[in-house]
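Below is one structure, written out as structure tokens; the observations come after it.
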Amino acid sequence: MLFVVGSIVTNVLLLIWLRVLRVPVPALVTLNYFICVGIAAIVSPPSWAQIRQVAPLALGIIGILGILFISVFALTGRAARDIGVGLTGMLAKLSVVLPVGFSALFLGEALSPAQGVGLIAGIGAIIAIHMPYLQGGRWKTLLHAAQLGLLLWLGNGIIDILFKAYQPQWKPLDTLHIPLLIMSVAGTLGVLWHVLRGEGALLLRSRLWGAAFLLGSTNLLSIFFYLKALATFPAVQFFLWNNLGIVLLSGVVGVIAFREKLTKAVVVGYALGVAAIFLVSR
Numbered sequence: 208m209l210f211v212v213g214s215i216v217t218n219v220l221l222l223i224w225l226r227v228l229r230v231p232v233p234a235l236v237t238l239n240y241f242i243c244v245g246i247a248a249i250v251s252p253p254s255w256a257q258i259r260q261v262a263p264l265a266l267g268i269i270g271i272l273g274i275l276f277i278s279v280f281a282l283t284g285r286a287a288r289d290i291g292v293g294l295t296g297m298l299a300k301l302s303v304v305l306p307v308g309f310s311a312l313f314l315g316e317a318l319s320p321a322q323g324v325g326l327i328a329g330i331g332a333i334i335a336i337h338m339p340y341l342q343g344g345r346w347k348t349l350l351h352a353a354q355l356g357l358l359l360w361l362g363n364g365i366i367d368i369l370f371k372a373y374q375p376q377w378k379p380l381d382t383l384h385i386p387l388l389i390m391s392v393a394g395t396l397g398v399l400w401h402v403l404r405g406e407g408a409l410l411l412r413s414r415l416w417g418a419a420f421l422l423g424s425t426n427l428l429s430i431f432f433y434l435k436a437l438a439t440f441p442a443v444q445f446f447l448w449n450n451l452g453i454v455l456l457s458g459v460v461g462v463i464a465f466r467e468k469l470t471k472a473v474v475v476g477y478a479l480g481v482a483a484i485f486l487v488s489r
């Protein structure tokens with residue numbers, strides 16, 4: 208159970224660091240991946256022989272995941288600062304409904320009545336948490352929050368779908384090698400993005416590296432706990448505990464530590480979100 212608790216706590220810590228570390232999010236996320244790769248390479252270095260055994264298409268998917276990783280993580284940082292830690296945590300974990308829907312529509316997997324209700328509850332949760340903006344007549348704020356929320360939801364969902372569809376093709380690699388390769392791509396893309404924008408010097412600032420070490424070490428620790436818990440408990444049971452734990456803890460942290468508003472609509476959204484995760488994971 209220690210690994211499950213560790214996974215929940217470190218995932219929420221990532222949201223906290225992204226909110227409180229007052230450095231540019233794209234640069235922070237870029238350097239975070241180099242910290243992760245450096246530590247992972249020391250702990251479990253991959254061999255070229257293992258990498259060559261992976262099919263070219265599966266390696267290409269690792270490249271696509273690298274693009275998604277840095278994009279979604281940067282978006283998570285922006286969302287944590289703009290719409291709050293609690294809502295960001297819930298939207299990220301609500302992405303669990305997408306791979307279930309994808310599996311039912313495109314992979315021919317059966318969708319139980321409970322999962323169908325869970326998908327509807329998930330959509331209802333997304334609508335409910337944006338209601339305060341609508342009720343306040345803040346249309347521009349609503350559009351901004353909805354854009355961040357939907358992109359975060361879709362991005363995490365697509366990552367889950369790709370992992371579900373292609374994980375069997377990565378069997379030649381050890382468990383820790385997959386995130387190592389994905390993060391290598393993500394970090395490299397982040398550097399190229401900064402260089403092309405003429406902001407390469409920003410990545411050399413010592414203050415930024417200190418923040419990146421805090422975020423990156425927490426990020427890698429979250430992956431360690433995630434993989435250990437997944438190897439210890441049945442997948443469905445772990446995902447249920449992990450997702451619900453992150454949603455609830457991030458909500459509590461948001462309200463207590465950051466004084467995020469908890470309106471009736473948001474409470475309904477949290478309730479629907481918890482129900483959606485529970486039903487979809489059955």
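So the sequence shown is residues 208 to 489, counted in the numbering used here. Positions of the beta carbon are idealized from the N, C-alpha and C atoms, including for glycine. Just so you know, these numbers come straight off a predicted model, no measurement behind them.
With 16 other Cβ atoms within 10 Å as the buried cut-off, status of residue i
i	result
L312	exposed
T439	exposed
P386	buried
I461	Per the sequence presented here, residue 461 reads as Gly, with Ile not at that position. Classification for G461: buried.
V378	In the sequence as presented, Val is not what sits at residue 378; that position holds Lys. Counting Cβ neighbours within 10 Å, K378 comes out exposed, since fewer than 16 surround it.
V489	In the sequence as displayed, the identity of residue 489 is Arg instead of Val. By the neighbour-count rule (16 or more Cβ atoms within 10 Å), R489 is not buried but exposed.
R414	exposed
A286	buried
G405	exposed
Where residue i sits in the DSSP three-state scheme
i	result
R285	helix
M208	coil
T217	helix
L228	coil
I290	coil
G476	helix
R489	coil
S310	helix
G417	helix
S278	helix
Nearest-angstrom Cα separation, counted from residue j out to residue i
i	j	result
I366	V392	15 Å
L479	G331	7 Å
L228	F280	14 Å
A247	L434	13 Å
C243	Q354	29 Å
S310	A335	26 Å
M390	L399	14 Å
Which ranges does the alpha helix (DSSP H) cover as unbroken runs of at least 4 residues, wholly within the segment 318-400, from first to last along the chain? The qualifying runs are 320-336, 338-342 and 346-373.
Please confirm if the segment 301-308 is in contact with the segment 256-274, defined as three or more CB-CB distances below 8 Å between the two stretches. no
Does the segment 290-304 come close enough to the segment 267-274 that 3 or more CB-CB pairs lie under 8 Å? no
Any alpha helix (DSSP H) of 4 or more consecutive residues that is wholly inside the segment 420-472: Complete alpha helix (DSSP H) runs here, min 4: 442-465.
Using a Cβ distance threshold of 8 Å, determine whether the segment 209-229 contacts the segment 443-451, with at least three qualifying pairs required. Counting C-beta pairs with one atom in each stretch, the segment 209-229 and the segment 443-451 have three or more that are closer than 8 Å, which means they touch.
Runs of 4 residues minimum, wholly inside the segment 245-270: which ones carry the alpha helix (DSSP H) assignment? Whole alpha helix (DSSP H) segments, 4+ residues: 255-259.
Is the number of C-beta pairs between the segment 233-249 and the segment 418-428 that are closer than 8 Å three or more? yes
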